[in-house]
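Counting from 119, one number per residue, gives the positions in the sequence shown under the numbering used here.
Taking it in order: structure first as structure tokens, then the write-up.
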Amino acid sequence: MSLAKFQLSFQMLYGPQNCGLNVHNIGCHLVQYVRHHGPLSAWSCFGFEDINGFLIISSHGTDVSIQLLSTLFARKQLCRGEENIQ
């Protein structure tokens, strides 16, 4: 079964409302990702997931967007400082 057929079969069995981003990416984009980035064993999303975890613990309360921007700016400044120290 091809990846596109898998996606269509999944939609038919479970309905399009249950066809999440992962199923969509597998059916529509996985071949392009492998051609562009190489074999799946050579790359992962853990780096992005790590950043998402950092963003989640960096915000408290209701003004999340300002808090996240402030935290990211401060972290960027700290990283620049570390480069200057070395």
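Virtual Cβ for every residue (Gly too), placed ideally from N, Cα, C.
Of the residues P134, Y132, T180 and A122, the one whose Cα lies closest to the Cα of I144 is A122.
In the three-state DSSP reduction, P157 falls in the coil class, being neither helix nor strand.
Cα atoms of W161 and H155: separation of roughly 7 Å, rounded to the nearest angstrom.
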